[in-house]
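Report on one structure; see the data block that follows.
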Amino acid sequence: MKKLWQKLIKPSSKYSILALVLVGIGITLAGTFTVHKGFEFASTTEFCTSCHTMQGNYEEYKQTVHFKNASGVRAECVDCHQPKDLPGKLFRKMEGAKDLYHHFISKKVDTPEKFEDNRLEMAQAVWARMKGQNSKTCKSCHAYESMDHSKQSAKAAFEMNKAAADDMNCIECHKGIAHELPNMAGGFQKDFEELQTTAKSQGAAAENLYSLGEKDLFATNSADAKPEGKLLPASEVIVLERKDDMLKVQIDGWLEKAGKGRVLTEYMGKRVFKATIRGDVKAGEKLLEEQTDVSTDIVWQHVSVEAWISSDDMIDSIQPIWNYAEDMYGSTCNACHAAPDPAHFTANGWISGLNAMSAYYRLTKTEERTLLKYLQNHGKDTGGAGAH
1020 MKKLWQKLIK PSSKYSILAL VLVGIGITLA GTFTVHKGFE FASTTEFCTS
1070 CHTMQGNYEE YKQTVHFKNA SGVRAECVDC HQPKDLPGKL FRKMEGAKDL
1120 YHHFISKKVD TPEKFEDNRL EMAQAVWARM KGQNSKTCKS CHAYESMDHS
1170 KQSAKAAFEM NKAAADDMNC IECHKGIAHE LPNMAGGFQK DFEELQTTAK
1220 SQGAAAENLY SLGEKDLFAT NSADAKPEGK LLPASEVIVL ERKDDMLKVQ
1270 IDGWLEKAGK GRVLTEYMGK RVFKATIRGD VKAGEKLLEE QTDVSTDIVW
1320 QHVSVEAWIS SDDMIDSIQP IWNYAEDMYG STCNACHAAP DPAHFTANGW
1370 ISGLNAMSAY YRLTKTEERT LLKYLQNHGK DTGGAGAH
């Protein structure tokens, strides 16, 4: 022990080892204290709102129950945006470096107008982070097991019991709880514009094409002729001939034998509409096969028709359309509640399911038909991955 002590106090070329160790400990403690205080300061609402780009957001927050309420408990910025555990806190601080970059260098949101233009993108990033963490910052205050459902309204108790049973993410239903909601349509509308750009660049050159929207069907290669039907969004056609900006296409689908035979569906027995036909287009119909739906005893005919369509707004894959529709579904339906999995309903069930929600969203007829087509094609009985 005596030798060890002598070694510790024995001077090096200039200082003793013990002195160096003590200096190292001092520097470590000072560094730890400085980092701790730095984190503490950088986690205050005053620091978060010190940039002028956050002033508008801060004023929105001051109007919410998280800022002022009957119980006097205030949720500060970090309570929602920063995990309590050290690894989560460190990671969030590193993520925050990009906010400094956009504030000082890119100037991406340095005016109220720019902030609004990017509000949806920023909100989606926060929602995705919260979803990935199972809303643990929310649940650090609002624990399911601590809720007394008897003190909630009947509707709230019903929804919260369901949420607790599935340990749902709070952000699925409570978007816009502390800040104004962005224009939810902005994202998927940009997606559609990109699809239109893709369609132009592809030039409808593929043999199998899919429609971005509704298109008139003609019996001749003139768009000035009288329409003889309509191709619906997200519908496949096979190109038979090209002439200028017109395409002669083949459309396959199912018809009810006992009906008027004017509506083609994607599947036998399912109201997944593909096209409407009449006149000369209907007259050229070819029967491919005939089947009886055993669940309803309705006879269905699988038919093929030929028609001319304009070549614009047609792309060579259905998947980009589904991606666009999925974004539309998440943006539109998640704004009010947690949107059910597409496989929750059957293809026919989605018709009434979506119609029941129509009073709560604002979509064009084409957008609504595209969304319905997406949900039906991912339904319980059409191959939905989450069927139950």
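The sequence shown begins at 1020 in my numbering and counts up by one.
For every residue, glycine included, the Cβ atom is placed at its ideal position computed from N, Cα and C.
Determine which residues share a DSSP beta bridge with residue i and list them.
i: Q1269; result: I1257 and E1325
i: I1196; result: Note: I1196 sits in no beta bridge, so no partner.
i: M1333; result: S1230
i: L1306; result: V1322
i: L1041; result: Looking at the DSSP assignment, L1041 forms no beta bridge with any residue, so it has no partner.
i: E1275; result: W1319
i: F1237; result: W1327
i: K1262; result: M1265
Tell me which residues share the same chain as residue i and place their Cβ nearer than 7 angstroms to its Cβ, disregarding the 5 neighbours each side in the sequence.
i: Y1343; result: F1207, D1210, F1211 and L1214
i: T1072; result: H1122, V1128, D1129 and F1134
i: W1369; result: L1391, L1394, Q1395 and G1398
i: H1168; result: A1176, M1179 and N1180
i: G1303; result: V1324 and E1325
i: L1048; result: none
Starting from residue i, follow the alpha helix (DSSP H) in both directions and report where the run begins and ends.
i: S1371; result: G1368 to M1376
i: K1133; result: P1131 to G1151
i: S1350; result: Q1338 to C1352
i: Y1379; result: Unbroken run through Y1379: none, as it is neither H nor E.
i: V1313; result: Looking at the DSSP string, V1313 is not in any alpha helix (DSSP H), and its letter there is neither H nor E.
i: L1394; result: K1384 to N1396
i: T1365; result: No alpha helix (DSSP H) contains T1365, which DSSP labels as neither H nor E.
i: R1093; result: Where R1093 is concerned, there is no enclosing alpha helix (DSSP H), given that its DSSP letter is neither H nor E.
i: A1173; result: A1173 to D1185
i: Y1120; result: A1116 to Y1120
i: C1067; result: T1064 to C1067
i: G1075; result: Q1074 to Y1080
i: K1158; result: K1155 to K1158
Which whole-angstrom value describes the C-beta separation of residue i and residue j, a residue pair presumed to lie in contact below a C-beta threshold of 8 angstroms?
i: I1328; j: L1231; result: Contact flag wrong, Cβ pair sits at about 12 angstroms.
i: A1238; j: G1288; result: With 8 angstroms as the limit, A1238 and G1288 do not qualify as a contact, their Cβ atoms being about 29 angstroms apart.
i: I1270; j: A1326; result: 7 angstroms
i: V1322; j: L1307; result: 6 angstroms
i: I1296; j: E1255; result: Contact doesn't hold; Cβ gap of about 15 angstroms is too wide.
i: A1366; j: D1400; result: 6 angstroms
i: S1062; j: Q1101; result: 6 angstroms
i: T1385; j: P1252; result: 6 angstroms
i: L1250; j: A1294; result: 5 angstroms
i: L1236; j: V1318; result: With 8 angstroms as the limit, L1236 and V1318 do not qualify as a contact, their Cβ atoms being about 25 angstroms apart.
i: P1201; j: A1142; result: 5 angstroms
i: M1203; j: S1350; result: 4 angstroms
i: T1064; j: C1096; result: 5 angstroms
i: Y1229; j: I1337; result: 5 angstroms
i: E1199; j: E1285; result: Rounded, the Cβ-Cβ distance is 40 angstroms, inconsistent with contact.
In the DSSP assignment, find the beta strand (DSSP E) that holds residue i and state where it starts and stops.
i: V1291; result: K1289 to I1296
i: E1285; result: V1282 to Y1286
i: L1250; result: G1248 to L1250
I'd like the list of long-range same chain contacts for residue i, defined as Cβ closer than 6 angstroms, with 5 residues on each side in sequence excluded.
i: T1068; result: Y1077
i: H1407; result: Residue placement at H1407 is flagged as unreliable, the pLDDT there being 41, under the threshold of 50; a coordinate-derived value is accordingly withheld.
i: H1085; result: A1094 and A1197
i: W1009; result: Nothing about residue 1009 can be reported from this structure: the residues present for the chain run from 1020 to 1407 only.
i: I1046; result: none
i: L1283; result: G1272, K1293 and A1294
With a CB to CB cut of under 8 angstroms and the five nearest residues on each side skipped, what residues in its chain are close to residue i?
i: G1050; result: none
i: S1330; result: G1222, A1223, R1261, D1264, M1265 and L1266
i: K1150; result: N1188, I1190 and E1191
i: W1146; result: I1190 and K1194
i: P1339; result: L1214 and T1217
i: G1405; result: Unreliable placement is indicated for G1405, whose pLDDT of 44 sits below 50; no coordinate value is reported for it.
i: S1159; result: D1098 and K1103
i: D1186; result: N1153 and Y1163
i: E1226; result: I1257 and V1258
i: T1311; result: I1317, V1318 and W1319
i: F1060; result: F1066
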